[in-house]
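Asks: Sharing a structure with you now.
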RNA sequence: GGUCCCAUCGUCUAGUGGUUAGGACGCUGGCCUCUCACGCCGGAAACCGGGGUUCAAGUCCCCGUGGGACUACCA
């Protein structure tokens, strides 16, 4: 059997968005599963809108997601000579023709057709005029006017189109550049793409593309059109629905494996399994399990997955991932300390940025007490306990979680008080908040010195308040 | 308007003619507990409607309805 070759072909007119990322992911997984080749091609034939920044942004996002490609990136604009040759070939064979209808005329006709309830397709004005190339003229593909074209789609099954519904679309623009529908056919054919996996929004283009494959004498690849990703209002996912840029998720503190795991489950499932490692996915993914219906993007579930992967990640890895995310003013030079901080917060953070903000209190002894917390827990009746704590805590030789726990238990026994009595005051003294990781965890991470200093500060604070 | 696609809890989905319709997120009750989170146990929550086919339909067919995509000298 011939080697499977797939491609991802974004246009560099913006960042890589969620929908594009899932398309890329499906291509990549299908290819890796079948031990094929994954090609990256940048569709930059729109000279007006394509930018190098976008290309770079897309490549960065692909890399971040771990979607490595075996060939490319190829740039479609570099291949225009090839496209023009093919256009010429079609013209020579009478399968394409020059057209001099102006965009304005066309627009006018379209409006009229729509107004009178007719289909707004090209009316064939220049179809049989046998015109020559003139400045500004375009080239149209001479489509079949009768019969049917069947798209054999791996996901959707056979989709049948009446050829009369298809109009003669432009394959070369006035500026001499090919249009998408033509360039994509030429490139996919010449790059020996065996499986075209792309968004649902392309199905209506597919019959016309098939006609072009046939006109050019190329083999028609297999198609798989994956359903759209929708926003909460069930319309196509867009900026209105929130962040749609892949890299925005990186900046918001998401782990790539969380996003990958989330995206793959939009339209694909493997029984009841929710958590998939990259290896799982390569082993299990196939197109036959991809569903037909569109999926609504659900940030809550993505958050849950992210929390899961943060818990799973090694602290060392997280320390690296956190580097660009620490707020300014936080000094993470003490690698050992930073690691401990992360370890404390790891099971509690849904995103890395959330982790960063939760970590604030670790890095400064100048604790800002939450107003309600201080009022409720930093009171005169607890200061004797806090005093006693500072005095005896030096007896803890090994400032480990275990020894601290033992110390605290003994302490409350001696004082004949419940742990609850000092837990919250102590927490507020150490963190400024009523919510934090366990007292023992916080204390061992902070270390004896900081702990003593902070308790002393709290005692002083109580005094100044009264 | 035309063409095409889609339809199981709020959301993501399992389900390939016979199930108490399963799982996950979220929501929620409880347990755990120094707070929170995690974790564990439990709960509410779905087959769009109508016709067929069949002994039997969420599953097959048709028609509605609803939603989406496309309808560019964008990709």
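Residue numbers (the working numbering): 3 to 468. Virtual Cβ for every residue (Gly too), placed ideally from N, Cα, C.
1) Taking C-alpha atoms, which residue in 367, 181, 263 and 300 lies nearest to residue 236?
2) By DSSP, does residue 73 sit in helix, in strand, or in coil?
3) CB residue 78 to CB residue 54, shorter than 8 angstroms?
4) What does the Cβ neighbour count give for residue 1, buried or exposed, with the cut at 16 atoms within 10 Å?
5) Between residue 134 and the rest of its own chain, which residues show a CB-CB distance below 7 angstroms, the 5 nearest in sequence each way excluded?
6) Would you call the segment 437 to 452 and the segment 399 to 415 in contact, with 3 or more CB pairs under 8 angstroms?
7) Out of 176, 349 and 14, point me to the one whose CA is closest to residue 62's CA.
8) Run through the DSSP bridge pairs and tell me what residue 232 is partnered with.
9) Measuring CA to CA, which of 284, 213 and 228 is closest to residue 221?
10) Do you know offhand how far residue 224's Cα is from residue 157's?
11) Contact check, residue 298 vs residue 385 under 8 angstroms by CB: the rounded distance?
12) Return yes when the Cβ of residue 387 is within less than 8 angstroms of the Cβ of residue 417, no when it is not.
13) With burial defined as no fewer than 16 other Cβ atoms inside 10 Å of the residue's Cβ, what is the status of residue 356: buried or exposed?
14) Just the Cα atoms here: how many angstroms apart are residue 278 and residue 351?
15) Return the first residue and the last residue of the beta strand (DSSP E) that residue 42 is part of.
16) Thinking C-beta only, is residue 209 closer than 8 angstroms to residue 163?
17) Give every residue of the same chain whose Cβ lies closer than 7 angstroms to the Cβ of residue 456, excluding the five residues on either side of it in the sequence, and list them in chain order.
18) Using DSSP's beta-bridge definition, name the partner residues of residue 9.
19) Would you kindly check if the distance between the Cβ of residue 239 and the Cβ of residue 21 is under 8 angstroms?
Replies: Quick look at the numbers:
1) 300
2) strand
3) no
4) What the structure shows of the chain is the stretch from 3 to 468, and residue 1 is not part of that stretch, so it cannot be assessed.
5) 100
6) yes
7) 14
8) 238 and 298
9) 213
10) 11 angstroms
11) The pair is not a contact, with the Cβ atoms about 54 angstroms apart (cut-off 8 angstroms).
12) yes
13) buried
14) 20 angstroms
15) 39 to 44
16) yes
17) 367, 369, 431 and 432
18) 41
19) yes
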